[in-house]
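Sequence order for the protein chains is A and B. Under this note's numbering, the first residue of the first sequence carries the number 1, and numbering increases by one thereafter. Under this note's numbering, the first residue of the second sequence carries the number 127, and numbering increases by one thereafter. Here a beta-carbon is modelled for each residue, glycine too, at the ideal position from N, C-alpha and C. Working notes, beginning with the structure itself.
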Amino acid sequence: MDAGRLDATFAALADPTRRAILARLASGEASVRELSEPFSMSQAAISKHLKVLERAGLISHGREAQRRPRRLEAAPLAEANEWLERYRQFWEESYGRLDLLLAELQQSAKKRPRSTRRAATKRKGK
Amino acid sequence: MTMPSTRGKPLEITTPSDREIRITRSFDAPRMMVWDAYTRPELVQRWLGKMPGWSWAVCEMDVREGGQYRWVWRGPEGAELALGGTYREVVPGDRLVSTERYDQQWYEGEAVGTVVFTESNGRTTLVTTLRYATKEVRDGVLQGPATSGMEAGYAVLDELLASADAA
């Protein structure tokens, strides 16, 4: 997976108008005029958003000279999805390792009781 | 790889408000020890986010109010996961509040994370609350894809669109 492209994908997805455009395109291709209709935005403003989405590889456009319909591209979204899934695993797996680290710290604290007692009393201030 | 044992309870994820996600987990250790594991870079690097094929590139933590942190991991094929923020409240063994922003911007704006440490009978419960900029952002983070593939991606987008319409 290309890091720069993933950044571009997430930057493109961070904007609600662009997410709405993608959701619209998920139900089929559409022209710039059709895409700008649901928004209180000029076609020029919509075109700017489309350029960001295009640069991120999330959409492409057809060749018909007049309409140039935009369509959704699946691959970058699937990559973004994979990334999010990893994030969900992140905490569960990290906490599993934290358990092991804490067990190890407990073990060495038992061997060297002075150093932990110092850490504990420092906070309580007793 | 399998973990030799599961000492803590499973993660519990709740939504205390429409902008927040709360993750609760308890650990078999006193809270100062958990605090150290959370705030000392050399210990943090041993447990946080060690995904297979990924390694720490940057782990800088200036744990004091107004101090900054920066975490960067590198993965296969040049992939990178990077985030950072500022510590807002630092009460050792008790409470850690910091801002959080990913370079990848997979959600909008900045989140604020609050970690509360409480100890009972030698066990420490960590309650981590992440507050996002808006409900829509929170929903996007929470829903994440339950299954991989485009269908899940579309479901997330549908959800985002629905909430954008309602607002």
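For residue i, name the three-state secondary structure that DSSP assigns.
i      : result
B:V216 : strand
B:V253 : strand
A:S31  : coil
B:F153 : strand
A:Q107 : helix
B:L169 : helix
B:Y258 : coil
B:P271 : Confidence is the limiting factor: at B:P271 the pLDDT is only 37, short of 50, which leaves the residue's position unreliable and the question unanswerable from this model.
B:R203 : Residue 203 of chain B is actually Glu in this sequence, not Arg. Reduced to three states, the DSSP call for B:E203 is helix.
A:S60  : strand
B:G211 : strand
B:Y233 : coil
B:R264 : helix
Would you kindly report the start and end of the unbroken alpha helix (DSSP H) that includes residue i?
i      : result
B:T165 : 157 to 165
A:E54  : 43 to 55
A:R24  : 16 to 26
Excluding five sequence neighbours on each side, which residues of the same chain lie with their C-beta closer than 8 Å to the C-beta of residue i?
i      : result
B:Y213 : D188, V189, R190, E191, G192, G193, Q194, Y195, L222, V223, S224
B:L169 : D162, A163
A:R63  : none
A:V32  : Q43, I46, S47, L50, R68, R70
A:E92  : none
A:S60  : E54, R70, R71, E73
Contact defined as beta carbons within less than 8 Å: I believe residue i pairs with residue j. What is the distance between those atoms, to the nearest angstrom?
i      : j      : result
A:E29  : A:R71  : 4 Å
A:A12  : A:R18  : 6 Å
B:L256 : B:F243 : In fact, because the Cβ distance is near 16 Å, the residues do not count as touching under 8 Å.
A:F10  : B:Q230 : 4 Å
A:L58  : A:L22  : 6 Å
B:G179 : B:G201 : 6 Å
B:Y233 : B:V263 : 5 Å
Apart from the five residues on each side of it in sequence, which residues of its chain come closer than 7 Å, Cβ to Cβ, to residue i?
i      : result
B:V160 : F153, F243, T250, L252
A:S94  : none
B:E245 : P156, R157
B:G219 : R157, M158, W161, F243
A:L77  : L58
Is any heavy atom of the ligand PLP found at a distance shorter than 8 Å from the C-beta of residue i?
i      : result
B:F153 : The model depicted lacks the ligand PLP and carries no ligand whatsoever.
For residue i, go through chain C and note every residue whose CB falls closer than 8 Å to its CB, in chain order.
i     : result
A:L53 : The displayed structure is made up of protein chains A and B, and chain C is not among them.
Enumerate in chain order the residues of its own chain whose CB-to-CB distance from residue i is below 6 Å, with the five nearest sequence positions on each side excluded.
i      : result
A:V128 : Any answer about residue 128 of chain A is impossible in this case: the structure gives chain A only from 1 up to 126.
B:T254 : I149, V241
B:G235 : A259
B:E138 : T150
A:M1   : Unreliable placement is indicated for A:M1, whose pLDDT of 46 sits below 50; no coordinate value is reported for it.
B:E146 : T255, R257
Looking at the unbroken beta strand (DSSP E) that takes in residue i, where does it start and where does it end?
i      : result
B:G239 : 237 to 246
B:Y228 : 221 to 228
B:V184 : 181 to 187
A:R112 : Taken as a continuous stretch (DSSP letters only), A:R112 belongs to no beta strand (DSSP E), as it is neither H nor E.
A:L72  : 70 to 72
B:E138 : 138 to 140
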